[in-house]
Amino acid sequence: MPEDIYNISIGSVKFQFSLHFQVLTMPKDIKSRINFTEHHIQLAYKDVVPTFMWPFIVIFNELDTIIVNQLARIFRNNPGFIINVGSKEMWIWSKHQYEITSNPSLFQKIGNLFSSVFMFIILSLVTGMICRLAIAGSAGVMISLSWCMTLFNATENTRMILFYSFPWAGQPAYSLRNAGKGIGSLVLSFFFMLFTFYFMYACTYLLWTPMIFGNIYPSGLDERLYTIFSIMEFYTLLFVRTKKTVMWFPRIVMGLICTFLLYRKNNFYPFLNTYFFGVTMLCFGTMVMMLSLFEKETFTHEGPTFESPRLVYQPVFNRNNSSLPEIWTLFYPVAGRGYFTEQQMSNIFPQQVPL
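The numbering of the sequence shown is full-length UniProt numbering, which starts it at 1 and goes up by one.
So, in structure tokens, the structure goes:
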């Protein structure tokens, strides 16, 4: 019967399945009064996967994937709802969803390809903007340390170093201090900016997750994907200096991430944890390879100089002594030295004048 409950046990792991989610989610006292028919199915590990594959299934937590796919295939013409009794994780799918997503047409695959590329671009752009906001907003935290320095009788020169290190916050803080006014409101404004944009970024998860994973995916996988994007954006911001890295790193990473997104979109419920682990390791390997092949030579210098400049640049400040970093410079492509005028380059490498 459609309202029957199937109790599936595989060793210590237990699942409950029904064609209607209301049957499994209703209160226990009501369920006991209705007295639904329950079927108990006991399976051994070897009944699910070969013995040599079992360690990999446990490490990557893919037993759920096998059970969900088996039940979805058996009841392919019906909706389904399954619960992992131990972890309380749930999966639900609609009628005919298995057949539609398991065998996409050529046009659907092409559409999934464009959708994957689009999602990669959106995730990179927004995550990169948030990384820049985090750096700009952290200046408020650092400027607040100037007040702490007064408690330890720090010298004026020591406090001025802090102001100069973060000029977009240090200059107004210095002016307020000299005018005899507190810097609390200034620091608080930076904190509010961080909190506001962070929660806005968190809200975008609600939009991105259904677009990438649909309504069925392993718990926590979406957060791990967004974390990887953040790591890659910070890596780009801190370590990408040469033209070859700019040329190869985004292309390789984009290819890896897009294969993961395509793998998800072209299958009903594939082995996402395993595939994501492989993609993550390849992305980290690409980062290390870029550092070793192209960026290692630049590490021998303390920073950009006339003798060892960055090979690519991106505008960050209007004036390199006071203005707030332009958050939307994320959307400007990097360019070589020849693109900028001599006056613009002088802001990056200021003239050394005697004090």
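For every residue, glycine included, the Cβ atom is placed at its ideal position computed from N, Cα and C. Treat the numbers as computed from the prediction; the structure is a model and nothing was measured.
Can you give me the Cβ contacts of residue i inside the same chain, cut-off strictly under 8 Å, excluding the 5 residues immediately before and after it?
i: L194; result: L133, A134, G137, S138 and G140
Assuming residue i contacts residue j (C-beta within less than 8 Å), just tell me the rounded distance between them.
i: I216; j: W91; result: 5 Å
i: I122; j: L63; result: Not quite, the Cβ-Cβ distance comes to about 33 Å (not below 8 Å), so this is no contact.
i: A173; j: L188; result: Between L188 and A173 the Cβ distance is about 12 Å, and since that is not below 8 Å, they are no contact.
i: I66; j: V49; result: 7 Å
Work out the CA separation of residue j and residue i for me, nearest whole Å.
i: I143; j: Y269; result: 49 Å
i: Y201; j: F191; result: 15 Å
i: E295; j: I110; result: 36 Å
i: F239; j: S292; result: 11 Å
i: W248; j: L221; result: 27 Å
i: Y164; j: G170; result: 6 Å
i: P55; j: S12; result: 15 Å
i: H96; j: L106; result: 19 Å
i: M287; j: S219; result: 27 Å
i: Y205; j: M232; result: 18 Å
i: L71; j: Q108; result: 24 Å
i: N35; j: I41; result: 18 Å
i: P27; j: L237; result: 51 Å
i: W328; j: T127; result: For W328, the predicted model reports a pLDDT of 45, less than 50, meaning its position is unreliable; a value from the coordinates is still stated below. For W328 and T127, the distance between alpha carbons rounds to 12 Å.
i: E89; j: N112; result: 27 Å
Anyone know if the C-beta pair for residue i and residue j falls short of 9 Å?
i: F15; j: N84; result: yes
i: F199; j: I130; result: no
i: R159; j: S175; result: no
i: S115; j: L261; result: yes
i: P79; j: L24; result: no
i: H39; j: I5; result: yes
i: I257; j: F120; result: yes
i: T280; j: I212; result: no
i: T259; j: M290; result: no
i: T341; j: G214; result: no
Between which residues of its own chain and residue i is the CB-CB distance below 6 Å, once the five residues before and five after are set aside?
i: I183; result: A173 and L176
i: P104; result: N266
With a threshold of 7 Å on Cβ separation, who are the neighbours of residue i within its own chain once the five nearest residues in sequence on each side are excluded?
i: T209; result: D222
i: T274; result: F60 and E62
For residue i, which beta-bridge partners are listed by DSSP?
i: N84; result: F15
i: Y6; result: F17 and H39
i: I92; result: F81
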